[in-house]
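Novice: Its first residue numbered 2, the sequence shown is counted upward by one per residue in our numbering. Quick reminder that beta carbons are idealized off the backbone N, C-alpha and C, glycines included. As the structure is a computational prediction, the values presented were derived from the model and not from experiment.
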Amino acid sequence: MRIAMIGTGYVGLVAGACFSEFGHHVTCVDKDERKIAALHAGKMPIYEPGLDDLVGNNVRGGRLDFTTDLAGPVKDADAVFIAVGTPTARHGEGHADLTYVFAAAEEVAASLSGYTVVVTKSTVPVGTGRKVHKIISEKAPGADFDVASNPEFLREGAAINDFMRPDRVVVGAESDRCRAVLRDLYRPLFLNETPILMTSLETAELTKYAANAFLATKITFINEIADLCEATGADVQEVARGIGLDGRIGKKFLHAGPGYGGSCFPKDTLALVHQGREHDTPLRIVETVVAVNDDRKVRMAERIVHACGGSVQGKTIAVLGLTFKPNTDDMREAPSLVIVPALQKVGARIRAFDPEGMSEAKKHAELDGVAFCNNAYETMEGADALVILTEWNEFRSLDLERARSLLRDPVMVDLRNIYRPEEVVAAGFSYTSVGRRAVAPPKRPRSVSLGGR
Ligand code: UGA
C-alpha cells in the first residue's frame, strides 16, 4: 500500500518508518525544509533509540522517502495519515489547538485522487474526525474518501517496539471499505494476533485520551501514596508491588517520582478536562490529577531544600538528568523546568548534565544560569548536594566513593528511587528518595515553603 504521512514529529516519523518496515511505501511530508533536508542526509530530528537504523534501512530499500511536497504523495496514496501537532492552545483553558490538523485536511482535500482513507493519527478531541470529513467534503465535493481515527499509543524512548508490538491497535472507521484498508496496513500485526479494535470515530478518539488520563492518574495516585508512605514509615515500592501483583491493578506505571511530564500527559489531561467541561460532564478526577501533578514539582524542590538542611542559599546543587524521562532528548514539561528555577529562586547555583538532552535543555529560558557540564562526575565537583531527576541508565551505578569525594557535602536526593538506601548510606551519604524514609537526614531544618500550593 502507499501511505502519505503528514508531519514528521515523533509520531509521524516513527509510524512512517515502521509502516515502511511492514513493507508499505511511505512518503513522509513536512513543511519544514531543513527537517526534510536533514532526513535526506540521514539525520534524525529527535533522539529515539533505533530510529536512525530503521529509517536508513527503509530509505535504502526504496520504501521510505521524505518531501516538502504534499500534493504528489497524497495523490498516489491509499491512506493519508495526519500526524501533525495538537499542542495546548496558547489562549484558552487547556483545549487542543487543531489549526495544524484542519490546515492539513484542507491541503489533503485539494490533492485526493481515487479512493483514499484519511486517517487522523494525531491525538485529537472527540468530534475532530467528523470535522475533518466536513472540511474535505466541502473543499473537494465528489472526492472518494473515508475518514478514520487511528490513535497512537507509542512511548518516547521505546517508540519502535511500541509500534511494532503494540498491546492493541484502535481504529475508528465507519465503512467496510475503510476498515479493510486499515486492516491491510496493520496486516503484520493482525497476523501476530495483536487485538485490533474496530470502533466508531468518537470511540477511537476518546479511547486515546482516556488511556493517557488513566495512566497519568495511576502515576499521580502512587505519588500521593508515596507521600503517605514517607509520613508513616511505609515503603512505596513495596506498596506498589503489593498492589501491582493484583491483576486488576497491574504493576506498570506505579513508579513514584517527581510527577509526570512530557509532550503528552500534561497536554492530553488538560484537553480532556476541557472536553468534559464543554460537554457539561466535569471530569473531576482528571482535574485533580492535573492540579496534584503541577503542585508536586514545586514540592520536589522543597524536598531538595529540606535535604540540604533547610536552605540552599549560596549552595551549589548538582543535577543529573534534565529530560522528562530517559532515552529521549525531549524536555517538554520536564520536572527539571520547574524544580531548577525554584531552587535558583531561593539562592541555589545549579550544575547539570543530561546524556542526550543538553542541546534541547539549553534552549529553555527556565534553565538560564545553569552551568551545563560534560558528564555526571564533572557536575558533582564542589557541589553541596547531588540530585537525580531522570533515571538514565548511566546514573544507576555511579561510583559512590568518587561521587562522595567530589561533593562538598555527601547529600543525595534521588527523585527516581534508582538506589537502595542501604548502599548509599553505606557509602557515607545522607539519602532522600520518594516514598521511602530519608536515611541519615540532616538536623531538623526549619520548615520550607516555596509557595505555589
Ligand atoms: C505517553 C504514553 O505512555 C503513551 O502510551 C502515549 O502514546 C504517549 O504518551 C502519547 O500520547 O504520545 P510518553 O509521554 O512518551 O508516553 O512517556 P511515558 O513513558 O508514558 O512517561 C510519561 C511521564 O510519566 C514521564 O514523565 C515519566 O517519568 C512518568 N512516569 C511514568 C512516572 O512518573 N511513573 C511511572 O510509573 C511511569
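Can you list the alpha helix (DSSP H) stretches of 4 or more residues lying completely in the segment 161-185, in chain order?
Specialist: none
Novice: For residue 267, I'd like the list of residues in its chain whose CB is within less than 6 Å of its CB, leaving aside the five on either flank, ordered along the chain.
Specialist: 334
Novice: Mind checking whether the beta-carbon of residue 242 lies closer than 7 Å to any heavy atom of the ligand UGA?
Specialist: no
Novice: Does the pairing of the segment 105-123 with the segment 61-80 give three or more beta-carbon distances under 8 Å?
Specialist: Note that the segment 105-123 touches the segment 61-80; at least 3 beta-carbon pairs, one per stretch, sit closer than 8 Å.
Novice: For residue 300, which three-state DSSP category applies?
Specialist: Three-state result, residue 300: helix.
Novice: Whose C-beta lies closer than 7 Å to the C-beta of residue 384 among residues of the same chain, with five residues either side of it excluded?
Specialist: 317, 318, 319, 352, 408, 409
Novice: Which runs of the beta strand (DSSP E) at least 3 residues long sit entirely within the segment 85-154? Give them in chain order.
Specialist: 117-121, 146-150
Novice: For residue 23, name the three-state secondary structure that DSSP assigns.
Specialist: coil
Novice: Let me know if residue 216 comes out buried or exposed under the rule of 16 or more other beta-carbons within 10 Å of its beta-carbon.
Specialist: For residue 216, the number of other beta carbons within 10 angstroms of its own is at least 16, and it is reported as buried.
Novice: Do residue 11 and residue 212 come within 8 Å of each other at the CB atom, strictly closer than that value?
Specialist: no
Novice: Residue 109 and residue 129 - do their beta-carbons sit closer together than 8 Å?
Specialist: no
Novice: In angstroms, rounded to a whole number, what distance separates the CA positions of residue 131 and residue 204?
Specialist: 12 Å
Novice: Going by CA-CA distance only, name the one from 291, 235, 240 that's closest to residue 260.
Specialist: 291
Novice: Identify every residue that forms a DSSP beta bridge with residue 29.
Specialist: 6, 67
Novice: What did DSSP end up calling residue 48 once you bin it into helix, strand or coil?
Specialist: coil
Novice: Near residue 36, what residues of its chain come up, given a Cβ to Cβ distance below 7 Å and the 5 sequence neighbours on each side ignored?
Specialist: Closer than 7 Å at the Cβ level, and outside the excluded window around residue 36, lie 9, 46.
Novice: List, from N- to C-terminal side, the beta strand (DSSP E) runs of 3 residues or more that fit wholly inside the segment 334-377.
Specialist: 350-354
Novice: Assuming residue 29 and residue 67 make a contact with CB atoms under 8 Å, what is their CB distance in whole Å?
Specialist: Taking the Cβ atoms as the reference, residue 29 lies roughly 5 Å from residue 67, within the contact range of under 8 Å.
Novice: Here's the rule: buried if 16 or more other CB atoms are within 10 angstroms of the residue's CB, otherwise exposed. What is residue 450?
Specialist: exposed
Novice: Residue 389 bridges to which residues according to DSSP?
Specialist: 321, 415
Novice: Pairs of beta-carbons, one from the segment 227-241 and one from the segment 423-440, closer than 8 Å: are there three or more?
Specialist: Counting Cβ pairs under 8 Å, three or more are found: they touch.
Novice: When you compare the segment 264-284 with the segment 186-201, are there three or more beta-carbon pairs, one atom per stretch, that lie closer than 8 Å?
Specialist: Contact annotation: the segment 264-284 does not touch the segment 186-201, with fewer than three C-beta pairs closer than 8 Å.
Novice: Among 193, 164, 152, which residue has its Cα nearest to the Cα of residue 463?
Specialist: What the structure shows of the chain is the stretch from 2 to 454, and residue 463 is not part of that stretch, so it cannot be assessed.
Novice: Looking at the secondary structure, which residues open and close the alpha helix (DSSP H) in which residue 37 lies?
Specialist: 34-41
Novice: Whose CA, out of 33, 4, 123, 92, lies closest to the CA of residue 265?
Specialist: 123
Novice: Assuming residue 368 contacts residue 341 (C-beta within less than 8 Å), just tell me the rounded distance between them.
Specialist: 6 Å
Novice: Any idea if residue 21 is buried or exposed, counting beta-carbon neighbours within 10 angstroms, 16 or more meaning buried?
Specialist: buried
Novice: Enumerate in chain order the residues of its own chain whose CB-to-CB distance from residue 17 is below 6 Å, with the five nearest sequence positions on each side excluded.
Specialist: 6, 27, 29
Novice: Suppose contacts are defined by Cβ-Cβ distances below 8 Å. Is residue 80 in contact with residue 165 by that definition?
Specialist: no
Novice: Sort 70, 220, 58, 375 by Cα distance to residue 34 and report the nearest one.
Specialist: 70
Novice: Can residue 269 be considered in contact with the ligand FMN, in the sense that its beta carbon sits closer than 7 Å to one or more heavy atoms?
Specialist: The ligand FMN is absent from the structure shown, which contains only the ligand UGA.
Novice: According to DSSP, is residue 443 helix, strand or coil?
Specialist: Because residue 443 sits at a pLDDT of 43, beneath the cut-off of 50, its placement in the model cannot be relied upon, and the point is left open.
Novice: Which residue marks the beginning of the alpha helix (DSSP H) containing residue 81, and which one marks its end?
Specialist: If you look at residue 81, you'll find it isn't in any alpha helix (DSSP H); it sits in the beta strand (DSSP E) that goes 80-83.
Novice: Measuring only the C-alpha atoms, how far is residue 223 from residue 63?
Specialist: 47 Å
Novice: Taking all protein chains shown into account, do 16 or more other C-beta atoms lie within 10 angstroms of the C-beta of residue 444, making it buried, or fewer, making it exposed?
Specialist: With a pLDDT of only 49 at residue 444, under the threshold of 50, the placement of this residue in the model should not be trusted, and no figure is reported.
Novice: Between residue 59 and the ligand UGA, is there a pair consisting of the residue's CB and a ligand heavy atom that are separated by less than 7 Å?
Specialist: no
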